[in-house]
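This report refers to the structure that appears directly beneath it.
Residue numbers (the working numbering), protein chains in the order written: chain A, 49 to 346; chain B, 250 to 564.
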């Protein structure tokens, strides 16, 4: 982590040091105001669908069908939310999404760091080939593997079970890349010192290496959780019975089924699906944005 | 730090002369331990990635259907005929054209919007920078399904978008029921949802643009547009290329948007290759679905190859 932060810091410090040297520009002030106005309009347009969704979720079906469209709910109602809990039992889908996401995150954190440690700090035959093989599959889309995966899962009798939902995502190539790259930057002397002190490799991994890996683990955890929470194609295929649906699957099947025109219900459903992840994002926005920069650039 | 480095040479020097078998035995033991670290990942990776990847390829040359799952002996080998049939299938060709449309129009549009946002955020403003960044990035973290449900409602003939357009004197179309406008509506939504990712990547890239060079050009009388096209854009080239590849790989797989908003219609005008694959899977034609997915995979692999080339030339 030290090298990326070191390369990043010159940017802001340079502009700060360049600030006093910058010639007084009258045009700059007006230009800046214009930039602010344009950015404000753009961010308002970006967030408008969310505002619309939130406001609409409190409207009655009659009001949603009324034209011209209303902005604020005229006769506000919680009925849409209530029926998600009392009739459609969204808490079940919420639990499914959460269980799958948490297991997927924990599995990735553990397995990717383990192999990452071996690839970064140990010598063994087949190491280069193994790394290359994992990297080659970095861009394999889910649509290529889901048909044979489904055949496999149904032969094993795992259709509509939790293992079917999380097993295929427990080991992600991105995670290996992330952990290995970071561990390469950990000085060999630290690990060597622990080896000389007689610590086993497992002890070194758990007590020396892992405590240093906070940043990549946070990145990997966030990326994996986000991917799992929003994942759609595989859960759609693998969860054939309603009690195993994840949130996106439940929402999509309700939205194209008999509730297709129950707009208030669908808007409330969207709010319920989106809110947890947006709350998480706003709370951890710095880490989210770092994780995009880290995986996008490298 | 200095104590550990001064300590290391001593034990290793005293240990090595203790016998010729020492180092190789130690190396072998380390290899065993290393593989123990690798095995959990490798096992899952092999079973859930490599095996499906290979069997998908094998299945694409057979007439495997849903009925053959319990009785694989009945599967017949059809070879390259599968792909011939696929490319003769008008619906598949249509889905390829739709996917190309989505990528070719959506990708540059998303990049242009993201670049404009990144440049605006990087133009020396200090206040609310984080708030703006969070605002533009929020659509990225949301589930496409949830967002598509909302957009389906916004895009109704007398919905929010057309109400806004109407205020500007424009009579908006029935977006999702028009073979002409369903795809542009989907592209609009894709731009909205994906611009945040690229904005972050471009913002990082903009930190490499030399402030000194920009100021020197300004002193020499270059206007803002000239500085942007002659200094900023050339510096940003590798970042732009990376963004283009990442985005195209994602856009090539688009599926959730039409699944929720149009069911691939009207008249297959929003049917993507992924959606075609999913439909064939639903009909039980696993062989054909695999072949279609491999066509998509080849397109993505080619794009990834370009990315690796581009990244290598950057170093």
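Glycine included, every Cβ here is placed at the ideal spot set by N, Cα and C.
The beta-carbon of residue 318 of chain B is placed less than 8 Å from the nearest beta-carbon of chain A.
By alpha-carbon distance to residue 463 of chain B, the top candidate from B:476, B:426 and B:345 is B:476. Neighbours of residue 481 of chain B in chain A, taken as residues at a C-beta separation under 7 Å, are lacking, since the least C-beta distance is about 14 Å.
When the beta-carbon positions are compared, residue 230 of chain A and residue 264 of chain A come within less than 8 Å of each other. Residue 267 of chain A is a Cβ neighbour of residue 338 of chain A, given a cutoff of 8 Å. Taking 8 Å as the cut-off, the beta carbon of residue 500 of chain B is found closer than this to the beta carbon of residue 352 of chain B.
Of all residues in the region 405-416 of chain B, only 407, 408, 409 and 412 place a beta-carbon less than 8 Å from a beta-carbon of chain A. The Cβ of residue 424 of chain B sits no closer than 8 Å to any Cβ of chain A.
Apart from sequence neighbours up to five positions away, the residues of its chain that approach residue 175 of chain A with a beta-carbon distance below 7 Å are 167, ordered along the chain.
Around residue 337 of chain A, the beta-carbon contacts reaching into chain B at under 8 Å are 382, 386 and 449. Its chain contains 522 as the residues whose beta carbon lies nearer than 6 Å to that of residue 545 of chain B, once the 5 sequence neighbours on both sides are disregarded; these appear in chain order. Residues of the region 535-548 of chain B whose Cβ lies closer than 8 Å to any Cβ of chain A, in chain order: 535, 538, 539, 542, 543, 545 and 546.
A Cβ-Cβ distance of about 7 Å is found for the pair residue 222 of chain A and residue 186 of chain A, placing them in contact under the 8 Å criterion. About 14 Å separates the CB atoms of residue 498 of chain B and residue 542 of chain B; that is not less than 8 Å, and the two are not in contact. For residue 326 of chain B, the secondary structure class from DSSP, reduced to helix, strand or coil, is strand. Excluding sequence positions up to five before and after residue 434 of chain B, its CB lies within less than 7 Å of the CB of 404, 424 and 425, all in the same chain and listed in chain order.
Distance check between residue 85 of chain A and each of B:479, B:465 and B:366 places B:366 closest, using alpha-carbon atoms only.
Note that the C-beta distance between residue 282 of chain A and residue 194 of chain A is below 8 Å. By the 16-neighbour rule on beta-carbons within 10 angstroms, residue 478 of chain B is exposed. Contact note: residue 273 of chain B does not reach chain A at a C-beta cutoff of 8 Å; the least C-beta distance is about 12 Å.
When 8 Å is used as the limit between beta carbons, residue 441 of chain B is near these residues of chain A: 94 and 97, in chain order.
Residue environment for residue 305 of chain B: buried (at least 16 other C-beta atoms within 10 angstroms of its C-beta).
In chain order, 369 make up the part of chain B whose C-beta sits under 7 Å from the C-beta of residue 86 of chain A.
Taking residue 325 of chain A as reference, the option from B:358, B:447 and B:391 with the minimal CA-CA separation is B:391. In the three-state DSSP reduction, residue 478 of chain B falls in the helix class (H, G or I). At a cut-off of 8 Å between beta-carbon atoms, residue 301 of chain B makes contact with chain A. Taking 7 Å as the upper bound on Cβ-Cβ separation, chain B lies near residues 115, 116 and 117 of the region 109-137 of chain A. If you check the CB distance, residue 105 of chain A and residue 509 of chain B do not come in under 8 Å.
DSSP assignment within the region 274-341 of chain A yields the following whole alpha helix (DSSP H) runs of 4 residues or more, N-terminal first: 281-286, 295-304 and 311-331. A contact between stretches requires three or more CB pairs, one per stretch, nearer than 8 Å, and the region 144-161 of chain A fails this requirement with the region 483-498 of chain B.
Taking 8 Å as the cut-off, the beta carbon of residue 170 of chain A is found closer than this to the beta carbon of residue 279 of chain B.
With respect to the 8 Å criterion, residue 314 of chain B and residue 512 of chain B are not classified as neighbours on the basis of their beta carbons.
Residue contact check for residue 282 of chain A against chain B: no CB pair falls below 8 Å. The residue among B:407, B:406 and B:299 with its C-alpha nearest the C-alpha of residue 183 of chain A is B:299. Around residue 252 of chain A, no beta-carbon contact reaches into chain B at under 8 Å, the shortest distance being about 10 Å. Secondary structure at residue 118 of chain A: coil, using DSSP grouped into helix, strand and coil.
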